[in-house]
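Asker: Okay, handing you the structure first.
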Amino acid sequence: MQLTTYEFKHCIGAMFEMSTVDARKILPGHLHPLEVQHTRSVFAVLAFQFTDSEVGAYDEVVLSVVTPPRIEPGKPLPQAAFYPFILATSTEAARQHAIERWSLPHYMKDLEFSFEEAGGKMRVSVLDEGSPVLELTVSEYSFKPTTNPYHCFMTDGDERLKVNIFMNAAHSQHEEETGELILYQHPMTESLDLEEVSSYPFREEWYGPGIQTFEEVERI
Amino acid sequence: MENEKPAAVLSNAMAYDYSNFFSASGEDPFDLLDPFGKWWDEVRLKGYYQYELPIHSAPSTRVDVEDTKTGEIRRGLINFASYNYLGLSYRPEVKEAIKAAVDEYGAGSSGSPILSGTTALLQQLAADVARFKGKEAAMIFPTGYSANVGLIAGLMRAGDLVVADQYAHASIVDGMILSKAQSRFFRHNRPQELNRKLKGFDGKKLVVVEGVYSMDGDLAPLPEILEVCRARGARILIDEAHSTFLFGENGRGVAEHFGLDDEVDIHLGTFSKSLGGQGGFVAGSKALIDYLRGFSRSRFFSCALAPPIVAGLIKALELVEKEPELRKNLFANVEFMQNRLRDAGVDIGDSESQVIPIMIRNDETIFDIGEQLFREGVFINPVVYPAVGKHKSRFRMSISAAHSLEELEEGAEIIVRVLDRNGIIS
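In order, the protein sequences belong to chains A and B.
Quick note, the first sequence lines up with residues 1 to 220 if you use the numbering used here.
Quick note, the second sequence lines up with residues 1001 to 1426 if you use the numbering used here.
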């Protein structure tokens, strides 16, 4: 099997409640949202600071709906599964690579990222020609070296795709609700009812530095 | 249909929890059984065996518990796990009342309360509860769980709105799901957040809070919550499972404690904790109870509470009213233990009640610490995700009026020693 690796300095992420009605509109028909509470699904925001890859260094933000994973006998049970409905990167090369290799849907402009770490918190600001797209703040808890498997679902026309992703890094996660998300009206957030997305995360995660590994894409 | 497929691989079983096995896509409903079984076999020995330990004695202040890892029975453990807050379950008067009812009625009620299961005892209990709570009427359910499910699903409908505290008990959540009403949750104990969730909704609204929250031991800020409900035209239900018969001048609960007994629309409580029995109740206006009689499926599609249990509850309630010193003893014990633990540097969160969370905040090491406590003489339950947030793990301590000061000191000494040894105490 051919593996694709990406080295990163930081990966921060958080999970927020969103309306299940919106989650179902975003997901393709064969996927269902994972509900954290009745009628409330999970919106995940991830931001990466990649330091090395086939397309060099770049930054990336991923907006996803969390779904149930697929059970695959003999294969690692994932920590979570998700359907990324929009991504954005800081370079065109990274964007083209992700579209071609992984069929991941992208906002077709380079965005500006800033990662500011202070007082045990990391704040990521994403801007589109100076206008804010989102701001995500995540706080650290206690780091432990881990290798966590994930399922990522994609579509390419009518094709249903999946790829296994492994995150190998020091990992911190907690549910202290100390983080924050500010979403702005922008093409990247247009499929969300911003009023229905909670502004505080119910889970915060922080990886880094480490390696993200993709296996090959499978048709499901 | 036999499942011959190999299970999914778990590289580190303790890195997974129940939520990882909640849902998966596939074609066979049994697909998750095998990986779950493999996970369970591994984590059980690593700590999860501490759940469902068989108890070989009454749930009194000391208890005999079977160590399912070693097979031995550990005797005389100081019991901080049972919800027997007033020590009533094993009072001689309660046991005598139960025995008398066994002789008269036998074991079960043998019928739904709507058909043949309503005994004279059950009617008396309902009347006694209504009188105690100062309400027009009360309805008895076979469990506290079914009381919440039956009340919420019996009253609310599709198109209505139910807003509950984010820490609401599973029975409240399940009632919301069954009702098909829109469900929202507001950030724990934040009235401004409740206001935001209610704003802009024109239909029927019900707000649900708890008197004492069962994992944190804190109280709902009822005056502020009620103010929001009135401003937004919402009815309010208070679930006093862990507070009725305890709080307030007469033991009516947290609503009485805040002087808001008559302002709260619906009062719910359980008999399995402070009264040491089983069952639950809803108390309110006669009109409400009459309506629920026709629409609370969890009540009339179950057998009525067994007569011996009802007899025990009637006697236990009588003792609550006759012996207000039980509540005084309880809160004196609570004050002692909270001070004792805080002074020793133990993090007990925001507890304001007989429920004291001993915060560990590490979902893996808590099991090792729990095993040490168990082996050194304390029976107390570890609580981890998903029952509480990730790394918000804790030992849930229950104080009883029946605990002696010597037992409390002995238990505290063991807990402080073990926590200190494991680097938990600040």
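By construction, the Cβ of each residue, glycine as well, lies at the ideal position given by its N, Cα and C atoms.
On the criterion of 16 or more Cβ atoms from any shown chain inside 10 Å, does T146/A qualify as buried, or is it exposed?
Answerer: Buried, because 16 or more other Cβ atoms sit within 10 Å of the Cβ of T146/A.
Asker: Would you identify the three-state DSSP class for R1252/B, choosing helix, strand or coil?
Answerer: Coil.
Asker: Counting C-beta neighbours from all protein chains within 10 Å, is the total for G208/A 16 or more, i.e. buried, or is it exposed?
Answerer: Counting Cβ neighbours within 10 Å, G208/A comes out buried, since at least 16 surround it.
Asker: Give me the Cβ distance between A1241/B and G1269/B, rounded to the nearest whole Å; I'm assuming they're in contact under 8 Å.
Answerer: Rounded, the Cβ-Cβ distance is 6 Å, consistent with contact.
Asker: Sort M1397/B, R1232/B and A1304/B by Cα distance to V1346/B and report the nearest one.
Answerer: Per the Cα distances, M1397/B.
Asker: Would you kindly work out how many angstroms separate the C-alpha atoms of E1406/B and R1075/B, rounded to a whole number?
Answerer: Distance between the alpha carbons of E1406/B and R1075/B: 17 Å.
Asker: Going by beta carbon distance, what residues of the same chain come within less than 7 Å of E1004/B, once the five residues before and after it are set aside?
Answerer: Confidence is the limiting factor: at E1004/B the pLDDT is only 49, short of 50, which leaves the residue's position unreliable, though a coordinate-based value still follows. Cβ within range, chain order: n/a, list empty.
Asker: Please classify R1327/B: is it buried, with 16 or more other beta-carbons within 10 angstroms of its beta-carbon, or exposed?
Answerer: R1327/B is buried by the Cβ-count criterion.
Asker: How long is the line joining the alpha carbons of G119/A and Q212/A, rounded to whole angstroms?
Answerer: The alpha-carbon atoms of G119/A and Q212/A are separated by roughly 26 Å.
Asker: Closest to H97/A by C-alpha separation, out of A81/A, P68/A and Y58/A, would be which residue?
Answerer: Taking only the C-alpha atoms, the option nearest H97/A is Y58/A.
Asker: Where does S1243/B land, buried or exposed, given buried means 16+ other C-beta within 10 angstroms?
Answerer: S1243/B is buried by the Cβ-count criterion.
Asker: Along chain A, in chain order, which residues have C-beta atoms closer than 8 Å to that of I1177/B?
Answerer: H38, listed in chain order.
Asker: If V133/A and Y184/A are in contact, beta carbons under 8 Å, what's the gap, nearest whole angstrom?
Answerer: Contact flag correct, Cβ pair sits at about 6 Å.
Asker: Along the chain, where does the alpha helix (DSSP H) that runs through S1171/B open and close?
Answerer: Unbroken alpha helix (DSSP H) run through S1171/B: A1170 to S1179.
Asker: In whole angstroms, what is the alpha-carbon distance linking A1332/B and M154/A?
Answerer: Their Cα atoms are separated by approximately 60 Å.
Asker: Under 9 Å between C-beta atoms, does N1020/B make it to chain A?
Answerer: Yes, N1020/B lies at the interface with chain A (some Cβ there is under 9 Å from its Cβ).
Asker: Where E204/A and K1390/B are concerned, what is the direct C-alpha to C-alpha distance, given to the nearest angstrom?
Answerer: Their backbone Cα atoms lie some 10 Å apart in a straight line.
Asker: Leaving out the 5 sequence neighbours to the left and right, which residues in its chain are closer than 6 Å to A1058/B when beta-carbon positions are compared?
Answerer: The residues are Y1090.
Asker: Just curious, the beta strand (DSSP E) that N1195/B is in, first and last residue?
Answerer: Premise fails: N1195/B lies in the alpha helix (DSSP H), P1191 to L1198, not in any beta strand (DSSP E).
Asker: May I ask you to verify whether the region 1361 to 1377 of chain B touches the region 1231 to 1238 of chain B, counting CB pairs closer than 8 Å and requiring at least 3?
Answerer: Counting Cβ pairs under 8 Å, fewer than three are found: no touch.
Asker: Give a yes or no on whether the C-beta atoms belonging to S1393/B and N1422/B are separated by under 9 Å.
Answerer: Not a contact, by the Cβ cut-off of 9 Å.
Asker: Beta carbons nearer than 7 Å to chain A: which residues of the region 1024 to 1051 of chain B have them?
Answerer: Listed in sequence order: A1024, S1025, G1026, D1031, L1032 and P1035.
Asker: Using 8 Å as the cut-off, classify the Cβ of E1042/B as near or not near the heavy atoms of the ligand COA, replying yes or no.
Answerer: As for the ligand COA, it is missing from this structure, which has no ligand bound.
Asker: Once you ignore the five residues that flank K1315/B on each side, which residues in its own chain have a CB closer than 7 Å to its CB?
Answerer: Closer than 7 Å at Cβ, skipping near neighbours: E1093, V1094 and A1097.
Asker: Out of curiosity, what's the CA-to-CA distance linking S1272/B and D1174/B?
Answerer: Going by the C-alpha atoms only, they are around 19 Å apart.
Asker: Would S1023/B and L34/A qualify as a contact pair, given that the criterion is a beta-carbon distance under 9 Å?
Answerer: Taking 9 Å as the Cβ cut-off, S1023/B and L34/A qualify as a contacting pair.
Asker: Name the residue from E190/A, V124/A, D22/A and G157/A whose alpha carbon lies nearest to the alpha carbon of W244/A.
Answerer: In this structure chain A extends from 1 to 220, so residue 244/A is not present and cannot be described.
Asker: Of the residues that make up the region 1385 to 1403 of chain B, which ones have a beta carbon closer than 8 Å to any beta carbon in chain A?
Answerer: Cβ contacts with chain A: Y1385, G1389, K1390, H1391 and K1392.
Asker: Using C-beta distances below 8 Å, list every residue in its chain close to M1215/B, excluding the 5 sequence neighbours before and after it, in chain order.
Answerer: For M1215/B, where only same-chain residues beyond five positions count, the Cβ hits under 8 Å are Y1167, V1355, P1357, V1383, A1387, V1388, R1394 and R1396.
Asker: With 9 Å as the threshold, decide whether the Cβ of S983/B is near any Cβ in chain A.
Answerer: Since the displayed chain B opens at 1001 and closes at 1426, residue 983/B lies outside it and no answer follows.
Asker: Got a sec: is the Cβ-Cβ distance from A1015/B to anything in chain A below 9 Å?
Answerer: Cβ-Cβ to chain A under 9 Å: yes for A1015/B.
Asker: DSSP state of C152/A, grouped into three classes?
Answerer: Three-state result, C152/A: strand.
Asker: Please confirm whether S1183/B has its beta-carbon closer than 9 Å to some beta-carbon of chain A.
Answerer: Yes, contact with chain A.
Asker: Between which two residues does the alpha helix (DSSP H) holding N1333/B run?
Answerer: Element bounds for N1333/B: E1325 to D1343.
Asker: Are P45/A and F16/A touching if we call contact CB-CB under 9 Å?
Answerer: The amino acid at residue 45/A is misidentified as Pro; the sequence shows Val. Closer than 9 Å, so yes.
Asker: When the Cα of T1068/B is compared with those of Y1049/B, R1293/B and R1232/B, which residue comes out closest?
Answerer: T1068/B has its Cα closest to that of Y1049/B, out of Y1049/B, R1293/B and R1232/B.
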